[in-house]
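There are 2 protein chains.
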Amino acid sequence: MSGESAFIDSLRALAHHPAARGLADDAAVLEVGGETIILTHDMLVENVHFLPSADWADVAWKLVATNLSDLAAKGAEPLGVLLGFMLGNGQERFAEGLAEVLEHYGVPLLGGDTVHGGAPRSFGLTAIGRAAGRPVPARSGAQPGDTLWLTGEVGAAMLGFEALRDATGADSTAYRRPMARLAEGQALAPLVTAMMDVSDGLLIDAWRLAEASRVSITIDSGAVPIAAPETRRLDALRWGDDYELLFTLPAGRCPPVSATRIGAVEARGFVPLFLDGEPLANREGLGWEH
Amino acid sequence: MSGESAFIDSLRALAHHPAARGLADDAAVLEVGGETIILTHDMLVENVHFLPSADWADVAWKLVATNLSDLAAKGAEPLGVLLGFMLGNGQERFAEGLAEVLEHYGVPLLGGDTVHGGAPRSFGLTAIGRAAGRPVPARSGAQPGDTLWLTGEVGAAMLGFEALRDATGADSTAYRRPMARLAEGQALAPLVTAMMDVSDGLLIDAWRLAEASRVSITIDSGAVPIAAPETRRLDALRWGDDYELLFTLPAGRCPPVSATRIGAVEARGFVPLFLDGEPLANREGLGWEH
Chain Z
1 MSGESAFIDS LRALAHHPAA RGLADDAAVL EVGGETIILT HDMLVENVHF
51 LPSADWADVA WKLVATNLSD LAAKGAEPLG VLLGFMLGNG QERFAEGLAE
101 VLEHYGVPLL GGDTVHGGAP RSFGLTAIGR AAGRPVPARS GAQPGDTLWL
151 TGEVGAAMLG FEALRDATGA DSTAYRRPMA RLAEGQALAP LVTAMMDVSD
201 GLLIDAWRLA EASRVSITID SGAVPIAAPE TRRLDALRWG DDYELLFTLP
251 AGRCPPVSAT RIGAVEARGF VPLFLDGEPL ANREGLGWEH
Chain Y
291 MSGESAFIDS LRALAHHPAA RGLADDAAVL EVGGETIILT HDMLVENVHF
341 LPSADWADVA WKLVATNLSD LAAKGAEPLG VLLGFMLGNG QERFAEGLAE
391 VLEHYGVPLL GGDTVHGGAP RSFGLTAIGR AAGRPVPARS GAQPGDTLWL
441 TGEVGAAMLG FEALRDATGA DSTAYRRPMA RLAEGQALAP LVTAMMDVSD
491 GLLIDAWRLA EASRVSITID SGAVPIAAPE TRRLDALRWG DDYELLFTLP
541 AGRCPPVSAT RIGAVEARGF VPLFLDGEPL ANREGLGWEH
């Protein structure tokens with residue numbers, strides 16, 4: 001919708017501060033004294049970001065984990081979170097899930113706000129972290145000649161979502177309780193030329209990395225580890241919610257964490273993304289656009 | 291509602307980190323390296339926190355100014371804000387108001403999130419600041435023998451709200467565009483024993499300060515500067531949205547900024563708050579509870 005994109009452009013124009021990569025690049029980077037602070041804020045909206053039947057404990061988990069994943073992509077160590085919570089049903093389970101995810105990551109709840117409202121309820125989370133190394137990785141640093149890597153697999157969240165949607169009883173943990181790759185992000189940060197988390201789908205996120213870096217990326221679809229049956233390979237490449245790290249390394253460098261080489265970075269061609277040598281003409285159908 | 295207060299208590303129980311004063315005390319205080327970072331997050335909800343007919347530019351102003359006021363109460367210098375925005379109508383005016391308030395305070399937009407949703411729309415803002423001095427003022431430091439002070443006047447926002455509600459054409463700026471007392475907060479922070487901003491009403495906020503400090507506070511209602519006719523004095527003391535600073539000083543100390551002495555701190559009596567010598571039996575009717 002053009003009104004919306006004009007609005008987002010006007011926000012980006014306001015965000016002219018050097019630290020203000022947040023609107024384009026998931027997390028803001030702020031120098032304070034001798035420290036580099038990373039800040040990220042995400043909202044979850046009922047009926048938009050989670051199923052109405054969702055367990056509220058899973059909603060709390062996802063709200064925290066997705067923000068921590070943004071910190072992971074910056075190689076940051078989380079220092080705490082602030083919660084914006086619209087009061088309503090499910091509060092007890094939400095508090096339980098919040099306690100679980102904060103304990104899992106060893107991250108304190110620092111504060112926030114509770115408000116009255118109504119359906120659709122919305123929730124905000126701000127995460128603050130400290131960059132473990134400098135420079136802080138961004139999407140924009142990939143260079144022609146670099147190799148392209150992915151931690152873990154994609155497609156597990158897709159299967160989890162489908163299990164829930166179709167009530168098959170199959171394991172849905174990967175969708176309900178995504179994991180932020182914090183340790184991997186911290187180990188990778190000093191070595192990568194570019195890094196981001198795969199929140200919206202491998203193909204759309206690789207497209208964004210290529211655009212931000214003004215390069216072209218080629219992905220070998222067969223090399224991508226998938227958690228789904230082979231017949232679902234292309235779906236797995238388009239589905240989001242896996243929160244793995246996508247990163248580029250200078251040629252010849254090996255990552256210090258478990259990861260798979262899935263492609264390469266080239267000088268900018270006529271499109272940002274090639275899949276098995278075929279140019280992808282536009283972003284449509286590559287993943288979750290929002 | 292008991293379910294809500296149980297939920298908020300469970301959040302407070304989670305917030306056991308030393309930095310986690312945020313849920314009880316408006317802003318979180320975090321030591322990072324040699325710096326003291328202040329973090330605050332507030333939400334505004336359509337139909338709850340602003341009139342449906344509001345100018346979206348004023349909504350943006352208020353969202354930013356109220357969070358900066360929380361920083362002011364900590365004597366902090368703002369470093370930036372992150373915005374959580376639910377897309378919908380009024381975006382152009384919102385962006386204009388956001389530009390105005392950020393320019394007014396010289397604060398950068400660092401990042402945030404835009405989401406789709408539906409009415410009632412909600413908006414979140416996180417502000418980050420750096421404490422100008424240590425210790426960082428809290429609500430909990432007032433001591434028996436201290437004097438109680440207020441910057442500016444109360445009641446202006448009440449008159450502004452009524453002017454808008456009744457479409458009288460009278461000036462409504464104080465309600466629509468509250469001012470955060472940042473310079474005053476920074477000047478006061480090294481000297482006060484306790485400080486907070488008056489967001490919900492002078493009486494209810496003084497009650498909270500007394501509770502947090504485990505003291506009793508006496509207010510001389512006639513000494514409180516009000517921006518309203520004398521017949522509205524008690525209403526002005528109960529109305530919020532003025533965002534003045536309420537603070538305590540050791541006896542004999544004078545504030546370095548324009549402020550009025552409105553009362554005193556005593557050892558804890560049988561209620562936290564006395565108005566003109568009369569005990570206020572409970573919080574009911576003292577201001578905006580949320």
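Protein sequences, first through last, are from chains Z and Y. Each step along the first sequence adds one to the number in this note's numbering, with nothing skipped, and position 84 is 84. If you want this note's numbering, it's the position in the second sequence, counting the first as 1, plus 290. Heads up, the beta-carbon is just placed ideally off N, CA and C, and yes, glycines get one too.
Contact between Y/Leu377 and Y/Pro368 is absent: CB atoms are separated by about 26 Å, not below the 8 Å threshold. Between the alpha carbons of Y/Leu539 and Y/Leu472 lies a gap of roughly 18 Å.
About 19 Å separates the CB atoms of Z/Gly222 and Z/Gly287; that is not less than 8 Å, and the two are not in contact. Taking a Cβ-Cβ cut-off of 7 Å, the neighbours of Y/Ser300 in chain Z comprise Ala95, given in sequence order. CA-CA distance, Z/Asn47 to Z/Gly111, rounds to 26 Å. At least 8 Å separates the beta-carbon of Z/Ala187 from that of Z/Pro135. Under DSSP, Z/Phe123 takes part in a beta bridge, and its partners are Z/Leu44 and Z/Phe85.
For Y/Thr356, the enclosing alpha helix (DSSP H) begins and ends at Trp346 to Ala362. Setting aside the 5 residues that flank it on each side, Z/Leu191 is surrounded in the same chain by Leu249, Arg253, Pro255 and Pro256, each with a C-beta closer than 8 Å to its C-beta; the list follows chain order. Contact annotation: in the segment 29-41 of chain Z, residues whose CB is within less than 9 Å of a CB in chain Y are Val29, Leu30, Val32, Gly33, Gly34, Glu35, Ile37, Leu39, Thr40 and His41.
Pairwise C-beta distances place the segment 202-216 of chain Z out of contact with the segment 93-108 of chain Z, as fewer than three of them are shorter than 8 Å. Residue Z/Val107 holds the alpha-carbon nearest to the alpha-carbon of Y/Leu320 among Z/Leu280, Z/Val107, Z/Asp235 and Z/Pro52. Counting only Cβ-Cβ distances below 7 Å, Y/Thr416 has contacts in chain Z at His41, Leu82 and Thr126, in chain order.
Between the alpha carbons of Y/Ile516 and Y/Pro569 lies a gap of roughly 22 Å. Taking the Cα of Z/Leu51 as reference, the smallest distance to any Cα among Z/Gly90, Z/Phe161, Z/Gln91 and Z/Gly84 is reached at Z/Phe161. Unbroken alpha helix (DSSP H) stretches of 4 residues or longer found wholly inside the segment 427-484 of chain Y: 446-455, 463-466 and 472-478, given in chain order. Y/Arg504 sits exposed, since fewer than 16 C-beta atoms from the chains shown fall within 10 Å of its C-beta. Under the three-state reduction of DSSP output, Z/Glu266 falls in the strand class.
In the structure shown, the three-state DSSP call for Z/Glu284 is coil. As DSSP reads the structure, Y/Ile327 sits in a beta bridge with Y/Leu320 and Y/Arg420. For Z/Pro78, DSSP records a beta bridge to Z/Gly129.
In the three-state scheme derived from DSSP, where H, G and I count as helix and E and B as strand, Y/Gly396 is classed as coil.
As the crow flies, the alpha-carbon of Z/His41 is around 29 Å from that of Y/Ser430. Close to Z/Gly75, with beta-carbon spacing below 8 Å, lies no residue of chain Y; the smallest spacing is near 16 Å. DSSP places Z/Val224 outside both helix and strand once states are collapsed to three, so it counts as coil. Y/Leu438 is the residue among Y/Lys364, Y/Leu438 and Y/Val354 whose C-alpha sits nearest the C-alpha of Y/Thr508. The beta carbon of Y/Val488 lies closer than 8 Å to those of Leu440, Val444, Asp495, Gly530, Asp532, Tyr533, Glu534, Leu535 and Leu536 in the same chain, with the five residues before and after it left out. For Z/Ala180, the closest alpha carbon among the candidates Z/Leu273, Z/Gly90, Z/Tyr105 and Z/Ser216 is that of Z/Tyr105. Closest in alpha carbon position to Y/Arg551, among Y/Gly442, Y/Ser462, Y/Leu563 and Y/Val561, is Y/Gly442. Under DSSP, Z/Thr218 takes part in a beta bridge, and its partners are Z/Ala264 and Z/Phe274. Taking all protein chains shown into account, Z/Ala170 has fewer than 16 neighbouring C-beta atoms within 10 Å of its C-beta and is therefore exposed.
Out of Z/Pro272, Z/Asp235, Z/Gly84 and Z/Val265, the CA that lies nearest to the CA of Z/Asp200 is found in Z/Asp235. Distances from the CA of Y/Leu399 to each of Y/Val405, Y/Arg420, Y/Gln381 and Y/Gly370 were compared; the closest alpha carbon is that of Y/Gly370. The continuous stretches of beta strand (DSSP E) do not include Y/Leu524, which lies in the alpha helix (DSSP H) extending over residues Arg523 to Arg528. Taking a C-beta distance under 8 Å as the contact criterion, Z/Val32 and Y/Glu325 qualify as a contact pair. If the five residues before and after Z/Arg176 are omitted, its C-beta is found closer than 6 Å to the C-beta atoms of Asp58, all from its own chain and listed in chain order.
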